[in-house]
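Numbering (my numbering) for the sequence shown: 10 to 511. Glycine included, every Cβ here is placed at the ideal spot set by N, Cα and C. It should be emphasised that the depicted structure is a prediction, and the values quoted were computed from it without experimental measurement. Inspection log for the structure reproduced underneath, given as structure tokens.
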Amino acid sequence: MLYGKWRPRGFDEVAGQDHIVTTLRNALASGQVAHAYLFCGPRGTGKTTTARILARAVNCLNLQKGEPCNACEPCKAINRGNALDLIELDAASNRGIDDIKELRDKIAFAPSDLTRKVYLLDEVHMLTTPAFNALLKTLEEPPPHAIFILATTESHAVPATIISRCQRYDFRRLPNDALVGRLRHIAAEEGFAIPEQGLLQISIQSRGGARDAITMLEQVVARYGAAPSAEEVLEALGLVHDPRSETLAAAILEGELGSALDIARSVADDGVNIARFTRETIDVLREVLPQVLRDAPREDSPNRALAEAVLRGRKGPAPIVAAISELARADFRLDPGSPIPLEVACAAAILGPVGPVTHAPAPVAGGVATRPPAAGQTRGAANSGPRPDDRTLTTEERFLKDLYERAKLEDQKIAAKLNGSCEVISISDSLVEIGVFYEFHLTALENEGLPVLQRNAEAILGRPVVVKLKLSERQPGQQRAARSGHLVKTAVELGAKPVDKG
Ligand SMILES: [Zn+2]
10 MLYGKWRPRG FDEVAGQDHI VTTLRNALAS GQVAHAYLFC GPRGTGKTTT ARILARAVNC
70 LNLQKGEPCN ACEPCKAINR GNALDLIELD AASNRGIDDI KELRDKIAFA PSDLTRKVYL
130 LDEVHMLTTP AFNALLKTLE EPPPHAIFIL ATTESHAVPA TIISRCQRYD FRRLPNDALV
190 GRLRHIAAEE GFAIPEQGLL QISIQSRGGA RDAITMLEQV VARYGAAPSA EEVLEALGLV
250 HDPRSETLAA AILEGELGSA LDIARSVADD GVNIARFTRE TIDVLREVLP QVLRDAPRED
310 SPNRALAEAV LRGRKGPAPI VAAISELARA DFRLDPGSPI PLEVACAAAI LGPVGPVTHA
370 PAPVAGGVAT RPPAAGQTRG AANSGPRPDD RTLTTEERFL KDLYERAKLE DQKIAAKLNG
430 SCEVISISDS LVEIGVFYEF HLTALENEGL PVLQRNAEAI LGRPVVVKLK LSERQPGQQR
490 AARSGHLVKT AVELGAKPVD KG
């Protein structure tokens, strides 16, 4: 419906075909009307629409610089779809000689309600050879009151004899910016709020066809309402599958923690729904698991290459089961935008299965729990180590972690100053005191960060609180290295040795 409503009414509204509409408009304005036009191009690029505008323009009683007025009786009759002298024929279903003969018999009669009879033959390449021959005769000697507009998606299937008697126009797929512009205009007029990223995705998916793009826009709105998120647009377009889920599954099974973390971060940076992405990765692993159990890759598996690699590595199903188990544990409810649960799950899956939670209180430094890696600790030894679980954190540490993850969604720079460089000194009913280790961090946070911290502290605690910042009495030297973020902490707990990149 939306496409019909927003079908361009004049040449100036036809998006992305400037080379055609400008030529047509100029010719019409100077009274030059050909007796046969051939519109070639992919579907949905405006051929039929332009043909109908042209039909109005050659019949308009009040042509304005080559544009039909859409107000006179001939224009209105064509717009209503009941002009007797606009004869539209779908050559895909009327392709025989008899159809064209019938057309030829009637063409000689003078027009009844318009000045000119306009024959619009869509999908003209579908005509049979005898029908083409009959059409050719008509094109050779058309009555002066008749105009032919032939449209086709397959110009190579139209005989050269026909093409040579027509003025030919090649419609192009719309460039994305033209299509996005058109969609943006329609959305604004309809009162839709579609993110730019969503409009671009629709344009890309429609592959330059305005009709498909507008139909997609309509489907998105029908499904998710007038203000869908970029992600809902992707969902509606069936684009939620992210190939990085296969790459991540492979990285985990290959034990490449660095690659896995890079992927997790890039996915988060792209604004992809991490929980869904994690589920997709689990789906990949679940698809690979039975192939490994059967010791045979499945021919039609989308993840066959990964299954083959696992089989070649002779690691058995255990790493897959461990990865599924760890990924399924990742909890995104607290902060859906944070990659941290996925990063932790990757680390746990790669660095080894984790044992029960220890009850020994973790020493506190730098606002996060730390546990120096035991000398000579290996991957295997990590099995008996503590789980990188929030249960090992104190209330203050847990609060700081939540605050960091939430702040990160609003302002990465502010969040960066919380990560490993401050501590929560106290949390009372109405006051949160945060000690900052470095003076320049303190200054920056006080100048720019307080509203973010305040807002998120209240959201976490569920009550109004004042956030106070002060210089921590701890010396930075007492802290672990500044790079000791949550992930390094987790990795260290699991037995990894930090490597200074210097
Ligand atoms: Zn008119």
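Proximity to residue i [Cα-Cα], best of the options
| i | options | result |
| --- | --- | --- |
| leucine 409 | Ile469, Ala119 and Leu360 | Ile469 |
| threonine 290 | Val319, Glu97 and Leu336 | Leu336 |
| glycine 234 | Ala318, Thr452 and Ala202 | Ala202 |
| arginine 472 | Arg181, Lys146, Glu482 and Leu440 | Leu440 |
| proline 120 | Leu188, Ala64 and His154 | His154 |
| proline 184 | Cys175, Ser215 and Pro204 | Ser215 |
| valine 67 | Glu22, Asn142, Ile158 and Leu130 | Ile158 |
| asparagine 282 | Pro350, Ile223 and Arg323 | Pro350 |
| lysine 126 | Glu132, Ala117, Thr403 and Gly217 | Ala117 |
| alanine 38 | Asn71, Arg61 and Gly25 | Asn71 |
| cysteine 175 | Pro51, Arg65, Glu150 and Glu419 | Glu150 |
| alanine 416 | Glu457, Val461 and Lys477 | Val461 |
| glutamate 227 | Glu244, Glu205, Gln210 and Ala196 | Ala196 |
| tyrosine 447 | Lys14, Ala425 and Asp309 | Ala425 |
| threonine 58 | Ala356, Cys69, Ala80 and Asn88 | Asn88 |
| asparagine 35 | Ala187, Leu63 and Leu145 | Leu63 |
| arginine 182 | Leu208, Ser212 and Ala92 | Ser212 |
| leucine 298 | Ala327, Arg321 and Asn428 | Ala327 |
| leucine 208 | Ala357, Ser238 and Cys78 | Ser238 |
| alanine 60 | Pro51, Thr403, Leu33 and Cys78 | Leu33 |
| glutamate 406 | Ile423, Gln421, Gly429 and Asp420 | Gly429 |
| glycine 53 | Pro17, Asp179, Ala219 and Ala140 | Ala219 |
| tyrosine 413 | Leu451, Ala466, Ala453 and Ser435 | Ala466 |
| arginine 295 | Val330, Asp438 and Arg303 | Val330 |
| alanine 187 | Leu11, Ala222 and Glu163 | Ala222 |
| lysine 56 | Arg191, Cys355 and Tyr178 | Tyr178 |
| threonine 161 | Glu432, Pro51, Arg191 and Asn103 | Pro51 |
| isoleucine 171 | Asp99, Lys324, Glu76 and Lys146 | Lys146 |
| glutamate 442 | Leu480, Leu418, Lys422 and Phe449 | Leu480 |
| proline 163 | Ile156, Ala101, Glu352 and Ala316 | Note that residue 163 corresponds to glutamate in the displayed sequence, not to proline. Of the listed residues, the one whose Cα sits closest to glutamate 163 is Ala101. |
| histidine 194 | Leu148, Leu11 and Phe449 | Leu11 |
| glutamate 205 | Ala269, Val293 and Ala236 | Ala236 |
| glutamine 421 | Gly458, Glu352 and Val353 | Gly458 |
| arginine 303 | Ala356, Leu320 and Pro311 | Leu320 |
| alanine 143 | Arg104, Ile156, Ser173 and Phe180 | Arg104 |
Distance cut-off 7 Å: residue i Cβ against heavy atoms of ligand 1
| i | result |
| --- | --- |
| asparagine 88 | no |
| arginine 65 | yes |
| cysteine 8 | Any answer about residue 8 is impossible in this case: the structure gives the chain only from 10 up to 511. |
| proline 17 | no |
| cysteine 175 | no |
| proline 120 | no |
| alanine 38 | no |
| alanine 92 | no |
| asparagine 79 | yes |
| cysteine 84 | yes |
The stretch 37-47 / the stretch 160-175 touching (three or more Cβ pairs under 8 Å): yes
So, do the stretch 235-254 and the stretch 276-296 have three or more beta carbon pairs nearer to each other than 8 Å? yes
Decide yes or no for the touch test of the stretch 258-271 against the stretch 340-347: beta carbon pairs closer than 8 Å, at least 3 of them. no
Can you list, in chain order, the stretches of the beta strand (DSSP E) that have 3 or more residues and sit fully within the stretch 429-486? 431-436, 440-445 and 475-480
Mind listing, in chain order, the continuous alpha helix (DSSP H) runs of no fewer than 4 residues lying wholly within the stretch 112-197? 138-149 and 169-172
Using 8 Å as the cut-off, can you tell me whether the stretch 24-36 makes contact with the stretch 116-131, which would need three or more C-beta pairs spanning the two stretches below that distance? no
Given 8 Å, three or more beta-carbon pairs between the stretch 84-92 and the stretch 103-118: no
Please give me, in chain order, every unbroken run of the alpha helix (DSSP H) with length at least 4 that falls completely inside the stretch 202-278. 205-215, 219-233, 239-245, 253-263 and 266-278
Looking at C-beta atoms only, is the number of pairs between the stretch 18-25 and the stretch 126-144 that lie closer than 8 Å three or more? no
Could you give the uninterrupted runs of the alpha helix (DSSP H) lying entirely in the stretch 279-303, keeping only those of 4 residues or more? 283-302
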